[in-house]
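> The listed protein sequences correspond, in order, to chains A and B. As numbered in this note's numbering, residues -9 to 244 make up the first sequence, in order. As numbered in this note's numbering, residues -2 to 256 make up the second sequence, in order. I have a structure here, written as structure tokens, and I will follow up with some questions on it.
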Amino acid sequence: MAQRPDVKIECRNLSKSFLTEQYTINVLDDISLDVRENEFLVVLGPGQCGKTTLLNCMAGIIMPDAGKILLDGREITGPGPDRGVVFQQYALFPWKTVMDNVGFGLQIKGVGKAERTGIAQRYIDLVGLQGFEKSYPHQLSGGMKQRVGIARAWANNPEVLLMDEPFGALDAQTRYAMEKETLSIWETDKRTVVFVTNNVEEAIYLGDRVIVMSCMPGHIKSQYPIDIPKPREYTDPRFLEMRRLISDDTELSL
Amino acid sequence: MKIVRALKSKLLLPVMSVGICIAIWQVLHLIIGGEFLPSPYQVYREAVRMFSVKIGGNTVWMHVYYSLRRVVIAYLLGAATGLPLGMYMGWNRTFDKVVKPVFEVLRPIPPIAWIPIAILWLGIGEGPKIFICYVGAFVIFVLNAYTGMRYTDPLLIAAARTYGASRRQQLFNVAIPASMPSVFAGVQNALSMSWMCVLAAELVGAREGVGYLIIQGMDMYKPPMIMVGMIIIGIIGASLAAILRRFERVVCPWRRDLT
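Encoded structure:
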């Protein structure tokens, strides 16, 4: 099967199930999906529909039971610095300052301290955390922690960014601000992004394309290209129409 | 007003609590009678006397020095062997499975239960005393290092993996620093335990040390002397703990606001 040149990630017939003591849960059921180069793809779905599992498979943190994922045509066999992950629970290193957290990936790569600090500083500035370089994560608010998470992922210069409900734990106000900034960071420094969320508005605001997932077992229900130019307005009639369309298609319960 | 309040909580309350304790002690002394419970004043007089004479050929300070020296040697040996062992048990599942059963059986044996065998093996000099303290500290070092490693947030390890961290980098850049708070809890407990053990060891045949002071008090039937010895033990134990807390704040700066 020849690969189209603009496809960055290709998921082919992914399946994954978890065993509990009594029964097997099919978390992913035969998922096939292409993510294009520099596309901002949003995976939307209710809780427990396997969207995080899908993302973790792309990250290589967990392996699918069947099917495979190709990145630039090469099969993913484990985690790697070519894919940066932004975690819902931030996953910052509590013993490292903001500067050292953002520079972590570079440190692992063996980049020298001077160069590392320079790059990290650029991303700290980009996410608006100048002045907090020496702070520790527990001294920051949730929104600021996630800015560190984003800066850390971006600073490592990955080809793909995987964002797992990154703003799920934030209050609504902070969430709007973070969505806006994520877009502006993405516009400044374009990457392929796969963004998982359970929030319809967030999906339409950010996505070039929205994939709607459904539960039990997790599968792709439908997908919507969003053709509204960015930055988008929540009150734009096209936005509202899209929102109605996708909401009707989503099981928000569960 | 703020200064007054700060002084109140920093100075007044501790002074009050000590004062009340001494008052209760005095009352108990009056009820029970001087034979069994000397009064605070008698103990104070005894302390003054003890610090001005030699007991068993050594000043009180020398006795403290002997006890501390045993503790420090045993404690450092315990840290040097216990921490790496505990960390490696927490990190490597296979190693854990091999070592754990042996450790689980040795762990519940109280350090003082080692005294007879320690004397048998090492004679009656410094050896057995240091050994007893070592056993006490070692077990706590192992346990806390182990717990710290085992309870490292798997998400942090996953995060490190997404940056391409090798197994070695995961250990040194994530698991070990993440286990530091637990290790430090152990660092403090191990010192307390070591300090308790040295006294137990000294109660059984020592010619010097704070434990010897207490035994002397008992042999000469001098309750105030026993109590002075006990108070010295308490004060030194508390001071050691305070020094280590300072040390933790330097080594784990990210925990500064938490404690």
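From the three backbone atoms N, C-alpha and C, an ideal C-beta is built for every residue, glycine too.
1. List the DSSP bridge partners of R137 (chain A).
2. Should R137 (chain A) be flagged as near chain B, meaning a C-beta pair shorter than 9 angstroms?
3. Taking the alpha-carbon positions, what's the K97 (chain B) to P105 (chain B) distance?
4. In terms of residues, what are the limits of the alpha helix (DSSP H) holding I228 (chain B)?
5. Which residue's Cα is closest to the Cα of Y126 (chain A): A:I98, A:N147, A:M89 and A:G118?
6. Any beta carbon of chain A sitting closer than 9 angstroms to that of P250 (chain B)?
7. What does a CB cutoff of less than 7 angstroms around I210 (chain A) pick up in its chain, not counting 5 residues either side in sequence?
8. Can you give the Cα-Cα distance for I228 (chain B) and K135 (chain A), rounded to whole angstroms?
9. So which residues on chain A does V267 (chain B) lean against when the C-beta distance must stay under 8 angstroms?
10. Quick one: does K103 (chain A) have its CB under 9 angstroms from some CB of chain B?
11. As a quick exercise: from A:R199, A:R234, A:R222 and A:Q79, pick the residue whose alpha carbon is nearest that of V25 (chain A).
12. Note down, in chain order, every chain A residue with its Cβ under 7 angstroms from the Cβ of Q166 (chain B).
13. Would you mind sorting M217 (chain B) into buried or exposed? The rule is 16 or more other CB atoms within 10 Å of its CB.
14. Leaving aside the five residues before and after G158 (chain A) along the sequence, list all residues of the same chain whose C-beta is less than 7 angstroms from its C-beta, in chain order.
15. Kindly say whether F30 (chain A), judged by its beta-carbon, lies nearer than 9 angstroms to any beta-carbon of chain B.
16. Mapping the DSSP letters down to three states, classify N16 (chain A) as helix, strand or coil.
17. Using beta carbons (cut-off 9 angstroms, strictly below), is E11 (chain B) in contact with chain A?
18. Taking DSSP as the reference, what is the three-state secondary structure of A(-8) (chain A)?
19. Give me the Cβ distance between G93 (chain A) and T159 (chain B), rounded to the nearest whole Å; I'm assuming they're in contact under 8 angstroms.
20. Looking at chain B, is there any beta carbon in it that lies within less than 9 angstroms of the beta carbon of L244 (chain A)?
21. At a CB-CB cut-off below 7 angstroms, which residues of chain A make contact with Y160 (chain B)?
22. By the 10 Å Cβ neighbour count, where 16 or more other Cβ atoms means buried, how is Q167 (chain B) classified, buried or exposed?
23. Bridge partners of F30 (chain A), per DSSP?
24. With DSSP run on the structure shown, which of helix, strand or coil describes K211 (chain A)?
25. Evaluate the contact criterion for the stretch 49 to 56 of chain A versus the stretch 216 to 225 of chain A: three or more CB pairs, one atom per stretch, below 8 angstroms.
26. For L241 (chain B), which residues from the same chain have a beta carbon less than 7 angstroms from its beta carbon, with the 5 sequence-adjacent residues on both sides left out?
27. Buried or exposed for A110 (chain A), please, with buried defined as at least 16 other CB atoms from any protein chain shown within 10 angstroms of its CB.
28. Of all the residues that make up the stretch 34 to 63 of chain A, which are near chain B by a beta-carbon distance shorter than 9 angstroms?
29. If E149 (chain A) and R181 (chain A) are in contact, beta carbons under 8 angstroms, what's the gap, nearest whole angstrom?
30. Evaluate T172 (chain A) with the Cβ neighbour count: other Cβ atoms within 10 Å of its Cβ, from every protein chain shown; 16 or more gives buried, anything less gives exposed.
31. Which partner residues of G154 (chain A) appear in the DSSP bridge assignment?
32. Tell me which residues share the same chain as V(-3) (chain A) and place their Cβ nearer than 8 angstroms to its Cβ, disregarding the 5 neighbours each side in the sequence.
33. Our contact map puts C39 (chain A) next to L4 (chain A) with C-beta atoms below 8 angstroms; I'd like the distance itself, whole angstroms only.
34. Apart from the five residues just before and just after T187 (chain A), which ones in its own chain have a Cβ nearer than 7 angstroms to its Cβ?
35. So which residues of chain B does G121 (chain A) contact, with C-beta pairs closer than 7 angstroms?
36. Measure from the C-beta of L80 (chain B) to each C-beta in chain A and report whether the shortest distance is under 9 angstroms.
Walking through what the data contain:
1. DSSP lists no partner for R137 (chain A).
2. no
3. 13 angstroms
4. P220 to V248
5. A:M89
6. yes
7. I21, L23, I201 and M203
8. 48 angstroms
9. Chain B is shown from -2 up to 256; residue 267 (chain B) falls before or after that span and cannot be answered.
10. no
11. A:R199
12. I98
13. exposed
14. Q78
15. no
16. strand
17. Note that residue 11 (chain B) is Pro in the sequence shown here, rather than Glu. With 9 angstroms as the cut-off, P11 (chain B) does not count as an interface residue toward chain A.
18. The predicted model places A(-8) (chain A) with a pLDDT of 47, which falls under 50 and marks its position as unreliable; any figure quoted below should be read in that light. Note: A(-8) (chain A) maps to coil in three-state DSSP.
19. Not quite, the Cβ-Cβ distance comes to about 15 angstroms (not below 8 angstroms), so this is no contact.
20. Only weak support is given to the placement of L244 (chain A): the predicted model assigns it a pLDDT of 41, under 50, and the question is left unresolved by the model.
21. P71, F94, G95, I98 and N146
22. buried
23. A:V183
24. strand
25. no
26. V184, Q185 and L188
27. buried
28. N46, A49, G50 and I51
29. 7 angstroms
30. buried
31. It should be noted that the sequence gives Asp, not Gly, for residue 154 (chain A). DSSP lists A:V186 as partners of D154 (chain A).
32. D24, V25, R26 and E27
33. Contact doesn't hold; Cβ gap of about 14 angstroms is too wide.
34. V32, L34, E155 and A193
35. The premise fails here: G121 (chain A) is roughly 18 angstroms from chain B at the closest Cβ pair, so nothing lies under 7 angstroms.
36. no
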